Structures are given as C-alpha cells and as structure tokens.
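Data block below; observations after.
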Amino acid sequence: MMRLIPYLAALAAGAALAACAPTGQRAPVSTVSSVSALRFIGELRVAHHAMFGDTMLGGFSGLDYDPASGRWLIESDDRCTRSPARYYDAELDFDATAFRSLRFTGLHYFLNADGQDFAAAAAGCSRADVESIRIDPLDGSMWYASEGDRRDGLEPFIRHATRDGALLAELPLPENFKVHKDELRGSRYNATFEGLAFAPDGRSLWASIEWPLYEDGPIPTPQHGAVVRMTQFQRDGQVLRQFAYPLDAIPAEPGPGREAENGVSEILALPDGELLVLERATVQDAAGVYTNYVRLYATDARGASDVKALPGLEGKRYTPARKRLVLDFSKQPMPRAYNLEAMSFGPRLPNGHTTMVFASDDNFGKGQVTQFLLFEVLP
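Remember, the working numbering sits 64 above the position in the sequence shown when you count from 1.
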C-alpha cells in the first residue's frame, strides 16, 4: 500500500501511464553496450556558494542526460536548509578534446501530492533527501529517489513525476527498506536509495542503497567489506529481483577518533546485463581533513542469487554478484576526484563512442568542491 492516502489516485495514474507507454523507446537508456575503460577529457568546477535563480548551487548528487533535448537534469540534495528540494536544467559544451562550459538554464522544485514544494526550514525537508534523478526513456517524465533518514523517521522513497516536478506516483517499497527509529532493523541512517538506473528496455528500473540494511550485516571498515542489495523494480513497484553486491573495504585508515566510510553512490545499467556501480569512500585524517577514494565497477549479476525473499543476508548462504574494476579515479592522470555522487551517460562523440559525466556533492561545505568530470567511454 502507498504510505499516504492522497497518493492512491496518483499511483493509479502512474500505473496507467506505464501500461499505456509507447512500445518504442523515446530515447535509448544508454548508447553503449559495454564499458572496458574510460578516457579522461576534462573537468569543470562550480564556484562555492554560486547562485542561480535565488538558489544556492551545490549538493549535486544526481544528473541525467536527455537525448531528445540535448540538455541535462542536475539534482541537489539540499534538504531545504537553503531552498526547497530542487533540480536544474543545464547545458554542457564539450567535444573529444575539451570540456568547455557548463551553463544552468532552468530551475524546478520537487512537488508534493498537494502541488506545493518542500517548504524551506532550518530543520530541513520533512519528506525528502533526494539522491538520484533519471529521465524516463518511454515518455520523458522523471523519476527520483530519496535515501531517507532513520534519525528523523524519514522513510526512503522512489517517486515518478512530470518534468515540472508534479508528483505522479510513489512506489510501494518492501518492508525491509523502511526505517525504525528505535530498532536496529531496516534502513540505516541516511544510507538507503542513492542510485537509480533504467533497464535497457525502459520497462523496469534498478535502485541501489548506500549501506547494508541492518539485517544484511555490518557496514564496511578498513578491515572488511560488506554487501548491499541491488533491487530491480517493475514500474508499478513490484520487486522483480534482488542481488547482493560486494562493497570494498574502506581503502585507508582514518585518524584516531576520526570518521571513514564506503558506500554505493550511483548506478547505471548496460544492455549486456551489467550494472556500473560507483563506490565512493570518505576517510578523515588526524587533522580532520577528508579524502575521497572513488572507484567505478561493472558488476555482473547473471550468476548471482536472487535474495528478494531473504529478510536478512547475514549468516545466510547465497552467491553475490561478481564485479570488475573499470576505473580507479586516484590512479589516473586527472585532477583529484572529490565526493562523486552522480553519473550519467551523455551524447556520442564523432568517433561513435559515448561520453560519461560525473558530478560531486560538496555538501555546501567550505573545504569541499563541486566538480564535473567528463570521460570518453571505451567499449
């Protein structure tokens, strides 16, 4: 069942929309069948606390390319501490040799069932911590995901909306994704839906979570990795499949009493059956300075167990997905990679190869950076 009664009509409309979607795709989900490596082309940065349309630019944790218009959607995970939850239209100018410019061209707000945006408040949004955004390849509408917040009792969600932000539907979620403020079960603090990706045919979508559910085992440490669930949803919310993805151990030790973490920050689906998985680790040194370690993997789930019927993975027997390293951002001749949380395929280059763009979330922090990284995909 939907969590909010006013969404029932919207859910019916969304299901009807999915049932009546055209048989041919509006635009391909990706124009690349496989990825063997990436070639760095260029970097652009957005000035700290730059403004657009009376909103502060930053917190970018989701982006997607629209082949129909040649423009991009870029989403901010600002929990209404500066402006209501929002996303932007943008134009990126580049070719195979240079990343020339990034221009913001439009501003939109995510809307509730009553058609109102999430009101700005010092405590943040009461219902949204948006972490991923995708353009629907069947009709050009929009899907977005919120990771939730156990501390505040904020449930994660996946929503379907118009390109203007008007709510169409919210997917019903499995019970084990829900938050429980007073129990160590379900979703962990601020670590559920971080990534979304449409399957190649556009008829289903994958969702990734950042950290393991409590029932699935401990979070990564410098000594050991962990497992997180990747879930394939039908457009009406039915779970088609789940598999366990093996997260790396944290790649460095933090300073004494300092913080360190590793998690999945975004995904993309490939026609050959693989998912591209962005793992982003953050490690704080003894002086309190944070360093990001970012790696891009391709994971093949075709031989993995379907774990959707398992309430918890810890102590259970199953086969996790395999993965292969595509890119370690720290071992390439390129600028330092920061807190990368967004990625999308882009247009083709003249040689026929697809492009790929990554964006970082600066958390609106003084010592952090909003960067966009451009690559050529080598098939």
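From the three backbone atoms N, C-alpha and C, an ideal C-beta is built for every residue, glycine too.
Since we're looking at a predicted model, the values are computed, not measured.
Take Val-194, set aside five residues on each side of it, and the residues of its chain with a beta-carbon closer than 6 Å to its own are Glu-139, Asp-141, Ala-149, Tyr-208, Ser-210, in chain order. With distances taken between CA atoms, Ala-350 lies nearest to Glu-323 out of Leu-231, Glu-323, Glu-155, Asp-213.
If you check the CB distance, Leu-127 and Ala-423 come in under 8 Å. In this structure, Ser-98 sits near Asp-336, with a CB-CB distance shorter than 8 Å. Residues Tyr-361, Thr-363 of the same chain have their beta carbon placed closer than 6 Å to that of Lys-387, with the five preceding and five following residues left out of the count. Distance from Val-347 to Pro-318 at the Cβ level is roughly 5 Å; contact confirmed, criterion being Cβ atoms closer than 8 Å. Bridge pairing for Gln-296: Trp-270, Arg-305 [DSSP]. Each residue's CA atom was taken as its position, placing Gln-298 and Gly-352 some 43 Å apart.
Beta-bridge pairing by DSSP links Thr-418 to Arg-412. In the three-state scheme derived from DSSP, where H, G and I count as helix and E and B as strand, Tyr-382 is classed as coil. The beta carbon of Arg-146 is closer than 6 Å to those of Met-120 in its chain, skipping five residues each way along the sequence. By the neighbour-count definition (other C-beta atoms within 10 Å, threshold 16), Glu-247 is an exposed residue. Here the alpha carbon of Val-303 sits roughly 18 Å from the alpha carbon of Ile-331. Straight through space, the alpha carbons of Pro-414 and Val-96 are spaced by roughly 14 Å.
With 16 or more other Cβ atoms inside 10 Å of its own Cβ, Ser-251 counts as buried. Taking a 10 Å sphere around the C-beta of Ala-385, we find 16 or more other C-beta atoms and assign the residue as buried. DSSP places Lys-395 in the helix class (H, G or I) of the three-state scheme. If you look at Leu-437, you'll find it in the beta strand (DSSP E) that goes 434-442.
Checking the DSSP bridge columns, you'll see Lys-387 partnered with Thr-363. CA-to-CA, the gap between Ser-190 and Phe-182 works out to about 8 Å. Take Asp-228, set aside five residues on each side of it, and the residues of its chain with a beta-carbon closer than 7 Å to its own are His-172, in chain order. Scanning its chain for C-beta atoms nearer than 6 Å, with the 5 sequence neighbours on each side dropped, one finds around Leu-339 the residues Ile-331, Ala-333, Thr-363, in chain order. Going by C-alpha positions, Tyr-382 is about 18 Å away from Ile-283. Going by DSSP, Asn-326 is part of the beta strand (DSSP E) stretching over 324-333.
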